[in-house]
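Peer 1:
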Amino acid sequence: MSAGVPERPGRAVPERIRAAGRHVGVGLRCVGESVLMVDYVAAREFIYANASVLEQRLFAVVFDGGEPEAVVNALGAYQNGDGGFGHGLEPDKRAPDSQPLDVEIAFEYLVAAKARAGVVVTSACGWLASIAEPSGAVPIVLPSISGYPRAAHWNGTEYPPEVNPTAAIAAHAHRLGVSHPWLDRATEYCLAELEAGRVRREAHSLLTMAKLVEVAPDRPRAEAAAGLIAAALPEAAYMKLDPESSDYGVTPLQFAPTPEAMARAWFGEDLIESHLACLESAQEPDGGWPISWEPPSEASRWEWRGMRTLSALRTLSGYGRLGRGPRRSAVARRLAFFGRLQRQVEP
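The sequence shown begins at 3 in our numbering and counts up one residue at a time.
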């Protein structure tokens with residue numbers, strides 16, 4: 003075990019995160035709105051009216067008793083002959099070519115659906131192996147995205163192989179029960195990068211590592227790695243501890259989307275409660291949840307809002323905060339919506 007790593011990872015370190023939550027005064031204004039709760043009926047209608055077929059299929063599996071095979075079939079529209087996934091599965095880049103980021107999303111959805119998709123997953127791992135470094139590392143996107151519409155944040159020219167998204171893809175592959183040489187190399191690469199201090203102190207990279215250490219086969223090594231991640235979070239770029247901030251960032255609920263997640267122990271009860279309250283209050287008048295950046299098209303915006311709405315419902319359900327009836331009137335949702343707008347312009 004590396005020096006300075008707590009014996010019980012996620013318990014000795016997180017007081018720094020708990021303190022940060024107290025000092026920014028998070029959740030004080032959201033809590034008043036949260037008693038209105040989420041309008042599940044409106045959210046369901048938003049999904050079926052606006053989200054992609056893939057999100058509708060996954061929603062049906064998670065909330066309506068649908069068949070997991072339907073998610074596998076819907077993902078088939080995004081899988082290319084080379085085994086990878088593309089066609090704007092991540093909606094901010096519209097390239098049809100296979101992209102590692104799209105593989106990550108495909109695997110995540112298969113895990114959420116508890117689907118059996120052995121050939122689909124092993125084919126994708128074969129494609130990953132074909133583009134990976136000898137270490138197993140893959141870039142988040144390939145240069146082919148430059149020939150198609152994309153959001154401004156995808157206008158870069160260099161996307162080197164690194165733990166984001168390699169660690170997240172590997173994590174989902176482990177959950178799917180995959181056995182593949184690429185997965186073995188990728189897992190070793192990510193853990194070694196973290197242990198050597200080469201993982202950037204940036205919330206997206208740390209989030210992908212958190213997903214991996216939760217399921218990595220070598221449990222003593224993974225638990226030591228969890229301590230390194232927890233220690234890096236308080237000063238990590240894009241770590242959004244204040245739920246009422248209008249800035250883009252990765253929230254504690256993305257690290258701990260359920261109370262059972264390993265990372266749940268890294269955040270204090272008050273901080274999680276305040277983020278849940280603000281997540282509840284963020285439901286918009288049309289029943290869906292918003293995004294906080296500019297996508298490349300209106301089609302992308304609706305796809306993202308479908309994804310964010312489904313994600314919000316899954317998180318709230320995981321924490322036992324999602325009823326199945328209409329909890330808020332349309333008027334109440336509009337009042338909460340305009341209240342958030344007012345806070346964003348307050349000095």
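Cβ atoms here follow ideal geometry from the backbone N, Cα and C, with glycine treated the same way.
Remember, predicted model here, so these are calculated numbers, not experimental data.
Spatial neighbours of A119 within its chain, please: C-beta separation below 6 Å, excluding the five flanking residues on both sides.
Peer 2: Taking the sequence shown and counting its residues from 1, one reaches residue 119 at position 117. The answer, listed in chain order, is V74 and L112.
Peer 1: Would you mind giving the Cβ-Cβ distance between G86 and W129, rounded to the nearest angstrom? I have them listed as a contact below 8 Å.
Peer 2: As a position in the sequence shown, residue 86 is number 84, starting the count at 1. As a position in the sequence shown, residue 129 is number 127, starting the count at 1. Going by Cβ atoms, the distance from G86 to W129 rounds to 4 Å, so yes, they are a contact pair.
Peer 1: According to DSSP, simplified to helix, strand and coil, what is D94?
Peer 2: Start at 1 with the first residue of the sequence shown, and residue 94 comes out as number 92. In the structure shown, D94 sits in coil (DSSP, three-state: anything other than H, G, I, E or B).
Peer 1: Thinking C-alpha only, which one of R303, T260, S302 and A154 is nearest S319?
Peer 2: In the sequence shown, counting from the first residue as 1, residue 319 sits at position 317. Nearest C-alpha to S319: T260.
Peer 1: Would you give the residue range spanned by the alpha helix (DSSP H) that R310 belongs to?
Peer 2: Position 308 of the sequence shown holds residue 310. It spans E300 to G320 - the alpha helix (DSSP H) in which R310 sits, taken as one unbroken run.
Peer 1: According to the neighbour-count rule (16 or more other Cβ atoms, all chains shown, within 10 Å of its Cβ), is E106 buried or exposed?
Peer 2: Within the sequence shown, the letter at position 104 stands for residue 106. Counting Cβ neighbours within 10 Å, E106 comes out buried, since at least 16 surround it.
Peer 1: If contact is defined by three or more beta carbon pairs under 8 Å, each pair taking one atom from either stretch, is the region 229 to 247 in contact with the region 195 to 213?
Peer 2: Verdict: yes, contact present.
Peer 1: Just to confirm, are G138 and Y191 a CB contact at a threshold of 7 Å?
Peer 2: For the purposes of this step, residue 138 is identified with residue 136 of the sequence shown, where counting begins at 1. For the purposes of this step, residue 191 is identified with residue 189 of the sequence shown, where counting begins at 1. Against a cut-off of 7 Å, the Cβ pair of Y191 and G138 comes out as a contact.
Peer 1: Quick check on E204: does DSSP put it in helix, strand or coil?
Peer 2: Residue mapping note: residue 204 aligns to position 202 of the sequence shown, counting from 1. In this structure, E204 counts as strand in the three-state DSSP scheme.
Peer 1: Using CA atoms only, rank isn't needed, just tell me which of S207, Y240, R310 and E305 is closest to L193.
Peer 2: Walking along the sequence shown from the start, residue 193 turns up at place 191. Checking every option, the nearest Cα to that of L193 belongs to S207.
Peer 1: When the Cα atoms are used, what is the spatial distance from Y50 to S294?
Peer 2: By one-based count along the sequence shown, residue 50 stands at place 48. By one-based count along the sequence shown, residue 294 stands at place 292. Rounded to whole angstroms, Y50 to S294 spans 22 Å at the Cα level.
Peer 1: So the alpha helix (DSSP H) H89 belongs to, where does it begin and stop?
Peer 2: Residue mapping note: residue 89 aligns to position 87 of the sequence shown, counting from 1. It is not in any alpha helix (DSSP H) - H89 carries neither H nor E in the DSSP assignment.
Peer 1: Whose CA, out of Y161, A115, G308 and V215, lies closest to the CA of P141?
Peer 2: As a working note, residue 141 is residue 139 in the sequence shown. Out of Y161, A115, G308 and V215, Y161 has the C-alpha closest to the C-alpha of P141.
Peer 1: Quick check: the Cα distance between G68 and G199, rounded to an integer number of angstroms?
Peer 2: Taking the first residue of the sequence shown as 1, we reach residue 68 at position 66. Taking the first residue of the sequence shown as 1, we reach residue 199 at position 197. Each residue's alpha carbon lies about 43 Å from the other.
Peer 1: In whole angstroms, give me the CA-to-CA distance for P70 and G290.
Peer 2: Position 68 of the sequence shown, counted from the start, is the residue given in the question as residue 70. Position 288 of the sequence shown, counted from the start, is the residue given in the question as residue 290. Near 23 Å, if we compare the C-alpha coordinates of G290 and P70.
Peer 1: Taking C-alpha atoms, which residue in C280, E262, A76 and P145 lies nearest to P102?
Peer 2: As a first step, residue 102 must be located in the sequence shown, where it is residue number 100. Answer by Cα proximity: P145.
Peer 1: Does DSSP put R24 in a helix, a strand or coil?
Peer 2: Mapped onto the sequence shown, residue 24 falls at position 22. The pLDDT assigned to R24 is 42, lower than 50, so where the model puts this residue is not dependable; a value taken from the coordinates is nonetheless given after this. Here R24 sits in helix by DSSP.
Peer 1: Going by the CB atoms, is the gap between M211 and A169 shorter than 7 Å?
Peer 2: As a working mapping, residue 169 is identified with position 167 in the sequence shown. As a working mapping, residue 211 is identified with position 209 in the sequence shown. A contact, by the Cβ cut-off of 7 Å.
Peer 1: Any chance you could list the alpha helix (DSSP H) runs of at least 4 consecutive residues sitting entirely within the region 108 to 152, in chain order?
Peer 2: With a minimum length of 4 residues, the continuous alpha helix (DSSP H) runs that stay inside the region 108 to 152 are 120 to 133.
Peer 1: Can you tell me which of the three DSSP states A14 falls into?
Peer 2: As a working note, residue 14 is residue 12 in the sequence shown. Residue confidence is low: A14 scores 39 on pLDDT, short of 50, so the model does not pin down where it sits. No coordinate-derived value is stated.
Peer 1: Pair every Cβ in the region 305 to 314 with every Cβ in the region 44 to 59, then say whether three or more of these pairs are closer than 8 Å.
Peer 2: Result yes; three or more Cβ-Cβ pairs closer than 8 Å.
Peer 1: I'd like the list of long-range same chain contacts for H89, defined as Cβ closer than 6 Å, with 5 residues on each side in sequence excluded.
Peer 2: Taking the first residue of the sequence shown as 1, we reach residue 89 at position 87. These residues qualify, in order along the chain: Y80 and P98.
Peer 1: Could you give the C-beta distance for K350 and A173, rounded to a whole number, given that I count them as a contact under 8 Å?
Peer 2: Any property of residue 350 remains undetermined from this structure, which presents the chain solely from 3 to 349.
Peer 1: Could you give the residue range of the alpha helix (DSSP H) that holds L281?
Peer 2: Translated into positions along the sequence shown, residue 281 becomes position 279. L281 -> alpha helix (DSSP H) spans E271 to S283.
Peer 1: How far does the alpha helix (DSSP H) with H174 in it extend, from its first residue to its last?
Peer 2: Here residue 174 is taken as the residue at index 172 of the sequence shown, counted from 1. Here the alpha helix (DSSP H) through H174 covers V165 to R177.
Peer 1: Thinking C-alpha only, which one of P297, S283, D249 and A227 is nearest A265?
Peer 2: Taking the sequence shown and counting its residues from 1, the one referred to as residue 265 is at position 263. Closest option to A265, Cα to Cα, is A227.
Peer 1: Within the continuous alpha helix (DSSP H) that includes E160, where are the two ends?
Peer 2: What you label residue 160 is simply residue 158 of the sequence shown in a count that begins at 1. It is not in any alpha helix (DSSP H) - E160 carries neither H nor E in the DSSP assignment.
Peer 1: On the premise that Q285 lies in contact with A134, defined as a C-beta separation below 8 Å, what is that separation, rounded to the nearest angstrom?
Peer 2: As a first step, residue 134 is located in the sequence shown; it is residue number 132 there, counting from the start. As a first step, residue 285 is located in the sequence shown; it is residue number 283 there, counting from the start. No, A134 and Q285 are not in contact; Cβ-Cβ is about 40 Å, not under 8 Å.
Peer 1: Express the C-alpha separation of V180 and R242 in angstroms, rounding to a whole number.
Peer 2: Looking up residue 242 in the sequence shown gives position 240. Looking up residue 180 in the sequence shown gives position 178. The amino acid at residue 242 is misidentified as Arg; the sequence shows Lys. The straight-line gap from Cα to Cα measures roughly 33 Å.
Peer 1: Mind checking whether V123 and L196 have CB atoms under 7 Å apart?
Peer 2: Sequence index remark: in the sequence shown, residue 123 carries index 121 (1-based). Sequence index remark: in the sequence shown, residue 196 carries index 194 (1-based). The answer is no: Cβ separation not under 7 Å.
Peer 1: Any idea if A314 is buried or exposed, counting beta-carbon neighbours within 10 angstroms, 16 or more meaning buried?
Peer 2: For the purposes of this step, residue 314 is taken as residue 312 along the sequence shown, with counting starting at 1. Flag for A314 reads buried.
Peer 1: Have a look at A72, D104 and P151 and flag the residue whose alpha-carbon is nearest the alpha-carbon of P298.
Peer 2: Residue 298 sits at position 296 when you count from the first residue of the sequence shown. Here the closest residue by C-alpha is P151.
Peer 1: Hey, A224 and W184: beta-carbon distance below 7 Å or not?
Peer 2: By one-based count along the sequence shown, residue 224 stands at place 222. By one-based count along the sequence shown, residue 184 stands at place 182. Their beta carbons are not under 7 Å apart, which means A224 does not touch W184 by this criterion.
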